[in-house]
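Asks:
Protein chains: 2
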Amino acid sequence: MSNLLTQAIARESVSRRPLWIMRQAGRYLPEYRKLRTRYSFKELSRNPELATTVTLQPIERFPLDAAIIFADIMSPIPALGVDFEFNPGPEIAEPIRTLAAVKALHDPDPEEVAPEVIAALKLTQKELPKETALLGFCGAPWTLAAYLVEGRGKNGFPKLRALARTEPKILHLLLERLSKLMARYLIRQAEAGADAVQIFDSWAGLLSRSDWEQLVRPHLEAMLDTVGKSNVRRILFLQNAPHLVEAYATLPTDVLAVDWRENLPNLQAKYGDRIAFQGNIDPAILIGGAEPTRTATLELLRQVKATGHIVNLGHGILPDTPIESVQALVEVVHDES
Amino acid sequence: MSNLLTQAIARESVSRRPLWIMRQAGRYLPEYRKLRTRYSFKELSRNPELATTVTLQPIERFPLDAAIIFADIMSPIPALGVDFEFNPGPEIAEPIRTLAAVKALHDPDPEEVAPEVIAALKLTQKELPKETALLGFCGAPWTLAAYLVEGRGKNGFPKLRALARTEPKILHLLLERLSKLMARYLIRQAEAGADAVQIFDSWAGLLSRSDWEQLVRPHLEAMLDTVGKSNVRRILFLQNAPHLVEAYATLPTDVLAVDWRENLPNLQAKYGDRIAFQGNIDPAILIGGAEPTRTATLELLRQVKATGHIVNLGHGILPDTPIESVQALVEVVHDES
């Protein structure tokens, strides 16, 4: 289906740039906080009707150009037979650090992998305005492995880095499993109605470039290739990894999404004839209110060429963001047309 | 005084490369953990005799080439009239986010700034073997401001980033104050016996390069200039900031210390005729034991030229590091001569 988002992904000329916001369905919205007084995060994300309601909340409030399905990067992990809780980040009951532990992971049938997310995508697509794109997503193999090996979101993930050096074979096997699982999961999301999928590599930056090339790239590349061969549009997001941005720009993706540290005009000048870009306003600026948000958004629109640009933040919107800041962001992007 | 460390800083040829370890006086040492059962971190760091004992512990166990004074980057902060506790990271009672709060900071006399650290340096110098260098240190203005503004070590320091964009004048004033205070503090440390000082910029990487150039660089540069004019040898450490490494390499410093993400041979090839380098074994590798530590150290020595190289980790040694790994690191470095 053609809409502003898919046009920008294809680097076609657009009537105006598309806009969506990472974590747009979330705690900065009063209507989301209200739902959270009745349901836990787990309840909201594991019930297709509730997940659909949450997915649509920001779309009902703002004229955003894409809805991203309300789920978690850990949503497909139970299908591997791995137990975890949110506290509030994921905590794995038994971290995966041995060959035996990797081999003991289930090999689930496709329909066993996060069926609630697939169901929510189908429900959402029916209710979504025609002009609004629907996005699926998953965690990148490395970022998922980070939680599975470390056991929780720990600064620098030292146990993961130690395993990368001492037992690379274990990690290669784990990354290969995750790469295949995520490729199948993303393709199913597209079949369920997603116009494009975003792959979140939030912990991309933990290794040096040469270690990353050896250990991580082959599995990430294989996943992206498989998804691309099924004609699913790919947005690859990396966070806090300036030393890897150039490497990510040459991976098989349709869009590269970068955080606020990166110079988007420079990246666009260098790689804009091959891929589109997404980003990258610092979400902290929105904390400052409507005026600094307006200034930063105008600056971004002035510096980044419109063709092949999806406007977004450089990371997830922060829970204490004023609604007025989001309103200002939307207005500036809409005023450009 | 001439020793392996000062020779390496001056990029003179050395009989072998000097070695020290960030956080070498700390929790991986059984003798430190034993002391900690009797004293809190605060008690150890604020008592010159105890701080001297802790500073000397790793030197008594391993033939390291430098002792770094046991203190905290927050040690000079009470002199500004700022209240904080360790819990376990610093937590500021009243974060500094207004012009009034910056202006209300005390302007301490030099002898009021961390007198316990100055006393510990004098005591340590008397007891240290002649061939072992003594290091002082401080936090970089930006890294100290990160704690003062955010109030605690929060992932991404969003309140700091918001203030950087909405009220840069407040941050400029705060950074200027910290820059002058740290310059005086480092010079006093050298007068008290430090052969060189390390400036820790652990949170360097939060801003984009252009925001960093405008807001942070002038104050860091002024501090380094002042210290250099007093002939104090400077080691500048930045962590998790690959997009700023090239900028840091052109700052007025004698040594640039980098984390494990960085390619030290490339940096040395580009800037090695002007500055020395320190680093950069991934501390997580030491968790894996003696064998991976040996391999990684040999690889580092093979790839990095000896002249102008101080061997160290790319970040602080981790609390659960086996002693055998440190032993292996020391042996490989000593065997090279």
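If you're matching them up, the sequences are chains A and B in order. First residue of the first sequence? That's 1 in the working numbering, and the numbers climb one at a time after it. First residue of the second sequence? That's 1001 in the working numbering, and the numbers climb one at a time after it. All residues carry an ideal CB built from backbone N, CA and C; glycine is no exception. The model shown is predicted, which means the values in this text are computed figures rather than measured ones.
Relative to chain A, which residues along the segment 1209 to 1234 of chain B have a C-beta separation below 9 Å, given in chain order?
Replies: Arg1209, Ser1210, Asp1211
Asks: With a threshold of 8 Å between beta-carbons, can B/Leu1272 be considered close to chain A, or not?
Replies: Checking the sequence, you will find Gly at residue 1272 of chain B rather than Leu. With 8 Å as the cut-off, B/Gly1272 does not count as an interface residue toward chain A.
Asks: Going by C-alpha to C-alpha distance, which of A/Ala8, A/Ile21, A/Ile285 sits closest to A/Gly316?
Replies: Of A/Ala8, A/Ile21, A/Ile285, the residue nearest in Cα terms is A/Ile21.
Asks: For a contact meaning CB atoms closer than 7 Å, what does B/Trp1260 contact in chain A?
Replies: Ser208
Asks: Just mark A/Phe86 as buried or exposed, buried being the case when its beta carbon has 16 or more other beta carbons within 10 Å.
Replies: Exposed, because fewer than 16 other Cβ atoms sit within 10 Å of the Cβ of A/Phe86.
Asks: With 9 Å as the limit, tell me which residues of the segment 1161 to 1183 of chain B have their beta carbon closer than that to any beta carbon of chain A; keep them in chain order.
Replies: Taking a C-beta cut-off of 9 Å against chain A, the contacting residues of the segment 1161 to 1183 of chain B are Arg1161, Ala1162, Leu1163, Ala1164, Arg1165, Thr1166, Glu1167, listed in chain order.
Asks: Roughly how many angstroms separate the alpha carbons of B/Asp1282 and B/Pro1265, rounded to a whole number?
Replies: 15 Å
Asks: Is DSSP giving B/Gln1198 helix, strand or coil here?
Replies: strand
Asks: With distances taken between CB atoms, is the gap from B/Glu1221 to B/Pro1242 smaller than 8 Å?
Replies: no
Asks: Any heavy atom of the ligand MG inside 7 Å of the beta-carbon of B/Ala1284?
Replies: Ligands in the displayed structure: none, and consequently the ligand MG is not present.
Asks: On the DSSP bridge list, what partners appear for A/Glu91?
Replies: A/Glu85, A/Arg152
Asks: For B/Gly1136, which residues does DSSP report across the bridge?
Replies: B/Val1197
Asks: Can you tell me the Cβ-Cβ gap for A/Leu329 and A/Thr295, rounded? I've got them flagged as a contact below 8 Å.
Replies: No, A/Leu329 and A/Thr295 are not in contact; Cβ-Cβ is about 11 Å, not under 8 Å.
Asks: Could you confirm whether any beta carbon from chain A is found closer than 8 Å to the beta carbon of B/Leu1238?
Replies: No, no contact with chain A.
Asks: Tell me which same chain residues have a C-beta within less than 7 Å of the C-beta of B/Ser1202, skipping the five on either side of it?
Replies: Thr1143, Gln1239
Asks: Along chain B, in chain order, which residues have C-beta atoms closer than 7 Å to that of A/Ile338?
Replies: Past the edges of chain A, shown from 1 to 337, lies residue 338 of chain A, and the structure says nothing about it.
Asks: Do you know how far the Cα of A/Pro322 is from the Cα of B/Ile1287?
Replies: 43 Å
Asks: When Cβ atoms are compared, which residues of the segment 303 to 326 of chain A fall closer than 8 Å to chain B?
Replies: His315, Leu318
Asks: Can you tell me where the alpha helix (DSSP H) holding A/Ala257 begins and where it ends?
Replies: Not the alpha helix (DSSP H): A/Ala257 falls in the beta strand (DSSP E), residues 255 to 257.
Asks: At 9 Å on the CB atoms, spell out the chain B contacts of A/Gly205, in chain order.
Replies: Asn1240, Pro1242, Arg1261
Asks: For A/Ala296, return the contacting residues in chain B, with the cut-off set at a CB-CB distance below 8 Å.
Replies: Arg1165
Asks: Using the beta-carbon count (16 or more within 10 Å), is A/Arg38 buried or exposed?
Replies: exposed
Asks: In the DSSP output, what is B/Leu1238 paired with across the bridge?
Replies: B/Asp1201
Asks: Might you give, ordered along the chain, the residues of its own chain that have their beta carbon closer than 7 Å to the beta carbon of B/Val1285, omitting 5 neighbours on each side?
Replies: Note on residue identity: the sequence assigns Ile, not Val, to residue 1285 of chain B. Cβ within range, chain order: Pro1292, Thr1293, Ala1296.
Asks: So, are the CB atoms of A/Val311 and A/Leu19 less than 8 Å apart?
Replies: Against a cut-off of 8 Å, the Cβ pair of A/Leu19 and A/Val311 comes out as a contact.
Asks: Any C-beta of chain B sitting closer than 8 Å to the C-beta of A/Pro292?
Replies: Answer yes: the Cβ-Cβ gap between A/Pro292 and chain B drops below 8 Å somewhere.
Asks: Secondary structure at B/Ile1187, three-state DSSP: helix, strand or coil?
Replies: helix
Asks: Apart from the five residues just before and just after A/Ala79, which ones in its own chain have a Cβ nearer than 8 Å to its Cβ?
Replies: His106, Pro108, Glu112, Val113, Ala114, Leu181
Asks: Which residues mark the beginning and the end of the alpha helix (DSSP H) in which B/His1334 is found?
Replies: 1323 to 1335
Asks: Buried or exposed: where does B/Asn1003 fall if 16 or more other Cβ atoms within 10 Å of its Cβ makes it buried?
Replies: buried
Asks: Could you confirm whether any beta carbon from chain B is found closer than 8 Å to the beta carbon of A/Gly288?
Replies: Judged by the 8 Å Cβ criterion, A/Gly288 is in contact with chain B.
Asks: Sorted by chain position, which residues of the same chain lie with C-beta nearer than 6 Å to B/Gly1153's C-beta, five sequence neighbours on each side aside?
Replies: Gly1089
Asks: Can you confirm whether A/Pro88, when its beta carbon is compared against all beta carbons of chain B, has any partner nearer than 8 Å?
Replies: no
Asks: If you follow the beta strand (DSSP E) that B/Val1311 is in, where does it begin and where does it stop?
Replies: First-last of the beta strand (DSSP E) with B/Val1311: 1309 to 1313.
Asks: Give me the chain B residues within the contact set of A/Pro158, using Cβ-Cβ distance strictly less than 8 Å, ordered along the chain.
Replies: Pro1283, Ala1284, Ile1287, Leu1318
Asks: Kindly list the residues whose CB is nearer than 8 Å to the CB of A/Lys358, restricted to its own chain and excluding five residues on each side of it in sequence; keep chain order.
Replies: Residue 358 of chain A is absent from the model: chain A starts at 1 and stops at 337.
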